[in-house]
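If you read the first sequence in the working numbering, its first letter stands for residue 2, the second for the next number, and so on.
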Amino acid sequence: MENPVNFRDAVYMLVGSIPEGRLMTYGQIAALAGSPRSARIVGGIAHYGDPVLPWQRVVNRHGYLASGYPGGRTAHQVALEKEGVVIRRQRAPIEKLIWWPEQILPDL
DNA sequence: CGTGTGACGCGAG
DNA sequence: CCTCGCGCCACAC
């Protein structure tokens, strides 16, 4: 059985599964969705996709805030800080907050 | 059905 | 730590 879920649907599923206060990267989501080199596509889906999903929990490889987030980086920062994520110099501590669906990390 | 992206990633300087 | 350049590829139109 091939993957019955389209890339985009897989992205939706993954983004929707990110716990509050945790983060995932575009590349990581792309890889888990079955297309490791489509990180940019995830960004595109974030732009055109369902605005209800917690896109604020998706950041780039370095933890930097999304340049195209509705309302700009400021809005992105506010959304994350609401979940307790501390942003410093436009960057989130991705190393500590990254969420891995297949791996339960010990309590922080 | 062809074309142009881009909320990315990564190497190199 | 920073900037610059280019390959990538599903998606919107």
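We treat Cβ as the ideally placed atom computed from N, Cα and C, and that holds for glycine. Computed from a predicted structure; not experimentally measured.
DSSP, reduced to helix, strand and coil, places Arg23 outside both helices and strands of the structure shown, so it counts as coil.
Each residue's CA atom was taken as its position, placing Ser68 and Arg74 some 6 Å apart.
DSSP, read as helix, strand or coil, puts Tyr70 in coil. If you draw a 10 Å sphere on the C-beta of Val87, you find fewer than 16 other C-beta atoms in it, and that means exposed. For the set Gly35, Arg89 and Leu24, the Cα lying nearest the Cα of Ile95 is the one of Leu24.
Here Trp56 is not bridged, per DSSP, to any residue. If you ignore the 5 residues before and after Ile99, its C-beta comes within less than 6 Å of the C-beta of Leu24, all in its own chain and listed in chain order.
Counting only the Cα atoms, Glu84 lies some 18 Å from Trp101.
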